[in-house]
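For reference, the structure discussed in these notes is given below.
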Amino acid sequence: MLLIKNPKFSLLSLSFLLSAVANWIYKLALPIMILNITGSAYHAASMFGISFIPWVLFSLFGGVVADSFRKNRIIWIGNLTASVLTIGLLLGFMVRPLNLVLIYTLVFFLSSVDPLVHPSFQSLIPEIVPEKDFVKANANIQTIDNFLSVIGPLVGGGIVTLFGGSITILIAVIFFFLAAIMDLFIPSKSTHHNFSVRTLLSDVKVGAQYSVQQKVIFSGSMMFFFTNFGTNMFEANFMYFMTRNLGLTVFNTTIAMAIAGLGSILAGFVADKVISPFRSGQVLIVSTILAGLATLLLVTTRNYIIIGIILGIVSFLGTINVITYFSLRQKTVPQNLLGRVVAVTRMVSYASIPVGAWFGGYLLNNGFSMTVVILIAGLIRGLTGVVAHFTPLANEK
174 MLLIKNPKFS LLSLSFLLSA VANWIYKLAL PIMILNITGS AYHAASMFGI SFIPWVLFSL
234 FGGVVADSFR KNRIIWIGNL TASVLTIGLL LGFMVRPLNL VLIYTLVFFL SSVDPLVHPS
294 FQSLIPEIVP EKDFVKANAN IQTIDNFLSV IGPLVGGGIV TLFGGSITIL IAVIFFFLAA
354 IMDLFIPSKS THHNFSVRTL LSDVKVGAQY SVQQKVIFSG SMMFFFTNFG TNMFEANFMY
414 FMTRNLGLTV FNTTIAMAIA GLGSILAGFV ADKVISPFRS GQVLIVSTIL AGLATLLLVT
474 TRNYIIIGII LGIVSFLGTI NVITYFSLRQ KTVPQNLLGR VVAVTRMVSY ASIPVGAWFG
534 GYLLNNGFSM TVVILIAGLI RGLTGVVAHF TPLANEK
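Counting in the numbering used here, the sequence shown runs without a single skipped number right up to 570 at its last residue.
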């Protein structure tokens, strides 16, 4: 197993696990604490929304930083900064009356760590893992992420219930700090790219131009752009679909979500066997088409178990998709540009998420049924795979 054979990657995986747990529990505690103190659902929701803004503002900058400094140091600084900001958040909640401007500001800066660190994390993997193990490495990371998405709400909610919001945030501080300690022992190559504020825009431009010129990589990011649009038309309205449209309980909905999460976890375990025998472009195209077709099956049932199984199939295919693309990008992009290419392609693929969520809600608010939303979402995802067959992605070698 890669985690046992490669101690460097084991440290990186442990760091990722610790920081991901910290993110989960503080993000669960935050809205609960806001609601308890202010009673305002608006502010609780706004705290969630503000966390996505840094991805737009700082992703490209994070890419330049990743290509300019030792990547382990960037990840170390990110986790250490997150632990300090989380302490600030804990102290901020002790102020009475609660200063919401201060809390919003701290949440904004804390949410800025991920987009600044993510390109370094993704581009560090090729430095410590041989190319033949890229798929296994990305599968391991996705398995950790998907496993936390299944148990995170349960464990995080349990911690908040047992210990309260303040202790929960303190636990997040400890996990961020432990992640930073792990980062100190991960080796990373020095870089010959000099960073300066004056060359920042030109560095971003170089990364963007390379991303567009690499037709296979850019075709993949555009495929994810349309896939995410269709996916989030449905996912943003999932609770409405389950509880209001189908009349199911929150417990039923949670069971369906857990079953869906198992699909993602299974994909992480079998990814290497599924992906390795085929060309990456083929895997991306076929998995996208099948995920779209599977989404359409949601209109055929009202049973929450069957819905969970269908979503599990969609999640399985989606995770295979992500692992394949991450591995392909790491194999084909030069090390000195990988951070910026990660940032650019992630920005492209993420740009459609809020638009897709808005469009799904817009259709529902204007009298269209959830069946229509699901059909459009599934067709967009499936047709995106069909169109991708006629792009350079299909000829990837």
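Using N, Cα and C, we set each Cβ at its ideal position, and we do this for glycine too.
Check your understanding: Can you tell me whether DSSP reads S296 as helix, strand or coil?
Key -> Residue numbering aside, residue 296 sits at position 123 when the sequence shown is read from its first letter. The three-state reading of DSSP puts S296 in helix, counting H, G and I together.
Review point. E569 by DSSP, collapsed to three states: which one?
Key: Your numbering for residue 569 matches position 396 in the sequence shown. Three-state result, E569: coil.
Review point. Sorted by chain position, which residues of the same chain lie with C-beta nearer than 7 angstroms to R554's C-beta, five sequence neighbours on each side aside?
Key: The residue labelled residue 554 in the question sits at position 381 within the sequence shown. Closer than 7 angstroms at the Cβ level, and outside the excluded window around R554, lie T400, G403, T404, T461, A464, G465 and T468.
Review point. Just curious, the alpha helix (DSSP H) that D306 is in, first and last residue?
Key: Taking the first residue of the sequence shown as 1, we reach residue 306 at position 133. No alpha helix (DSSP H) holds D306; DSSP gives it neither H nor E.
Review point. Is there contact between the segment 417–427 and the segment 510–528, where contact requires at least three CB pairs shorter than 8 angstroms?
Key: The segment 417–427 vs the segment 510–528: no contact.
**Study point:** Distance between D318 and F541 (C-alpha atoms, nearest Å)
**Key:** As a first step, residue 541 is located in the sequence shown; it is residue number 368 there, counting from the start. As a first step, residue 318 is located in the sequence shown; it is residue number 145 there, counting from the start. Approximately 34 angstroms between the Cα atoms of the pair.
Point to revise | Among N252, V237, F231 and I223, nearest to L190 - alpha-carbon criterion | key: Walking along the sequence shown from the start, residue 190 turns up at place 17. For L190, the nearest C-alpha among the options comes from N252.
Exercise for review: Could you please give the first and the last residue of the uninterrupted alpha helix (DSSP H) stretch that includes N196?
Suggested key: One-based indexing of the sequence shown puts residue 196 at position 23. Counting along the chain, the alpha helix (DSSP H) containing N196 begins and ends at P180 to T211.
**Study point:** F442 in three-state terms, based on DSSP
**Key:** Taking the sequence shown and counting its residues from 1, the one referred to as residue 442 is at position 269. Of the three classes helix, strand and coil, the one that applies to F442 here is helix, per DSSP.
Check your understanding: If we call anything under 8 angstroms between Cβ atoms a contact, is S284 one with S224?
Key -> Sequence index remark: in the sequence shown, residue 284 carries index 111 (1-based). Sequence index remark: in the sequence shown, residue 224 carries index 51 (1-based). For S284 and S224, yes; Cβs fall inside 8 angstroms.
Review point. Count the other CB atoms within 10 Å of the CB of A441; is the residue buried (16 or more) or exposed (fewer)?
Key: Taking the sequence shown and counting its residues from 1, the one referred to as residue 441 is at position 268. Note on identity: in this sequence residue 441 is Gly, with Ala being the wrong assignment. By the 10 Å Cβ count, G441 comes out buried.
Point to revise | Other residues of its chain near S339: CB distance less than 7 angstroms, five sequence neighbours each side excluded | key: Looking up residue 339 in the sequence shown gives position 166. The residues are L263 and F266.
**Study point:** Reference K388, options A567, M206, K200 and P204, closest by Cα
**Key:** By one-based count along the sequence shown, residue 388 stands at place 215. Residue A567 holds the alpha-carbon nearest to the alpha-carbon of K388 among A567, M206, K200 and P204.
Check your understanding: Roughly how many angstroms separate the alpha carbons of L168 and V257, rounded to a whole number?
Key -> Missing from the structure shown is residue 168; the chain here goes from 174 to 570 and no further.
Check your understanding: Is the beta carbon of F358 sitting closer than 8 angstroms to the one on L184?
Key -> Numbered from its first residue, the sequence shown carries residue 358 at position 185. Numbered from its first residue, the sequence shown carries residue 184 at position 11. Contact flag set, yes.
Exercise for review: Have a look at D240, K309 and A255 and flag the residue whose alpha-carbon is nearest the alpha-carbon of V495.
Suggested key: Counting from 1 along the sequence shown, the entry for residue 495 is found at position 322. Answer by Cα proximity: K309.
Review point. Taking Cβ to Cβ, would you say G480 is nearer than 8 angstroms to A550?
Key: Taking the sequence shown and counting its residues from 1, one reaches residue 480 at position 307. Taking the sequence shown and counting its residues from 1, one reaches residue 550 at position 377. The residue asked about is misnamed: residue 480 is Ile in this sequence, not Gly. Contact flag unset, no.
Check your understanding: Does DSSP put W353 in a helix, in a strand, or in coil?
Key -> Here the question's residue 353 lines up with position 180 in the sequence shown. Reading off the sequence shown, one finds Ala at residue 353, where the question assumed Trp. The answer is helix: DSSP assigns A353 an H, G or I state.
**Study point:** Distance CB(A516)-CB(A409) smaller than 8 angstroms
**Key:** Counting from 1 along the sequence shown, the entry for residue 516 is found at position 343. Counting from 1 along the sequence shown, the entry for residue 409 is found at position 236. Taking C-beta atoms as the reference points, A516 and A409 fail to come closer than 8 angstroms.
Practice item. State the DSSP-derived secondary structure class of Q387, mapped to helix, strand or coil. Key: Mapped onto the sequence shown, residue 387 falls at position 214. Of the three classes helix, strand and coil, the one that applies to Q387 here is coil, per DSSP.
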